[in-house]
Amino acid sequence: MNDEFDVTGNIKIIEFLKTELIGSVAALYRVLNKGSKITQDALSECLAGIIIIAYILAKRLGIEFSAIDLKVQNQLKIGILEEDEIEKNYNDLSRLLGHLRDRKKD
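The sequence shown begins at 1 in the numbering used here and counts up one residue at a time.
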C-alpha cells in the first residue's frame, strides 16, 4: 500500500472514476451493438479508456501500477495452469502474458 493512500481525500475523484468506468463499459456495449459496423479503432478506443481508468482508480485507492501489473501476470499464469477455456481454445492468456513480458524488455 502507498503511504499517500487517503480515501477520504480522494473520495470525489474515486466516485468520478467509478462513474467514468461504468460510462466507458457502456460505450463499449454501444460500439458492440453496431454489429458489422464495428471498427477496430472504436473498439480499441473504448478498451484503452477502460484500462486507463482502471489503473488510475487503482492508484487513487493506494495500489501502485506495478502491483496491478503483477496481479494481472499472476492471474494469467493461474489461468494458463488451470487450463482456462479461453487458454485451451485460443491461447490468449499465454499470448497476453508473452506480450506483457516483451513489453517489459523495451
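Idealized CB from N, CA, C, for every residue including glycine.
Buried versus exposed call for residue i [16 or more other C-beta atoms within 10 Å across all chains shown]
{"i": "G79", "result": "buried"}
{"i": "L17", "result": "buried"}
{"i": "L100", "result": "exposed"}
{"i": "I13", "result": "exposed"}
{"i": "D3", "result": "Only weak support exists for where D3 lies, its pLDDT of 46 falling under 50; the value from the coordinates is given anyway. It counts as exposed."}
{"i": "E87", "result": "buried"}
{"i": "I38", "result": "exposed"}
{"i": "I11", "result": "exposed"}
For residue j and residue i, believed in contact at Cβ under 8 Å, the rounded distance
{"i": "Q73", "j": "L47", "result": "Not quite, the Cβ-Cβ distance comes to about 19 Å (not below 8 Å), so this is no contact."}
{"i": "L21", "j": "L57", "result": "7 Å"}
{"i": "I50", "j": "V25", "result": "6 Å"}
{"i": "L93", "j": "D84", "result": "6 Å"}
{"i": "F158", "j": "K71", "result": "This structure cannot speak to residue 158, because the chain is shown only from 1 to 106."}
Inside the region 24-55 only - alpha helix (DSSP H) runs reaching at least 4 residues:
none
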